[in-house]
Amino acid sequence: MSVTARALNRVIGRRLRAARSARSLSLTRLAALTGGSISVSRLSHYELGQRRLSIEAARTLATVLGDVSVAHLLCVDEDGAAGADPDEARLLAAFRATDAEGRRRLLAVAVSGADCGASGSGSD
């Protein structure tokens, strides 16, 4: 395996671990949520960058984890927000990096801001 492939495996592993940790899931619990299709050992190898995450496994994990995309897990979309402007990408990165309470707060602010923008347009 090339140095580049090993480095990519480590980045993929860090993304998977971050997504799992953000949801306070143990490796055992995450494996159970996959219905046994991905073992604890395999998850550990993915997170340590010792094994490459397949597209099928990434799809399973993205589904189980909820709001993580296959593209994000596999580093297909390097910035994690294809087509987003820099502010959108920063917001998405902040959302993904925070815990459940932080996500709830970010969503509340975003919805509140959107509501203000919609109701405030056209009223001079």
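Each residue of the sequence shown is one higher than the one before, starting from 192 at the first, in the numbering used here. Positions of the beta carbon are idealized from the N, C-alpha and C atoms, including for glycine.
Q.
Using 8 Å as the cut-off, can you tell me whether the region 229-240 makes contact with the region 280-297, which would need three or more C-beta pairs spanning the two stretches below that distance?
A. no
Q) Counting Cβ pairs closer than 8 Å, one from the region 216-233 and one from the region 258-265, do we hit at least three? A) no
Q) A210: buried (16+ other C-beta within 10 angstroms of its C-beta) or exposed? A) Sequence index remark: in the sequence shown, residue 210 carries index 19 (1-based). By the 10 Å Cβ count, A210 comes out buried.
Q: Kindly indicate which three-state DSSP category G204 falls into: helix, strand or coil?
A: For this step, residue 204 is matched to residue 13 along the sequence shown. The answer is helix: DSSP assigns G204 an H, G or I state.
Q: For S217, name the three-state secondary structure that DSSP assigns.
A: Position 26 of the sequence shown, counting from 1, holds the residue named residue 217. In this structure, DSSP gives S217 a state outside helix and strand, which the three-state scheme calls coil.
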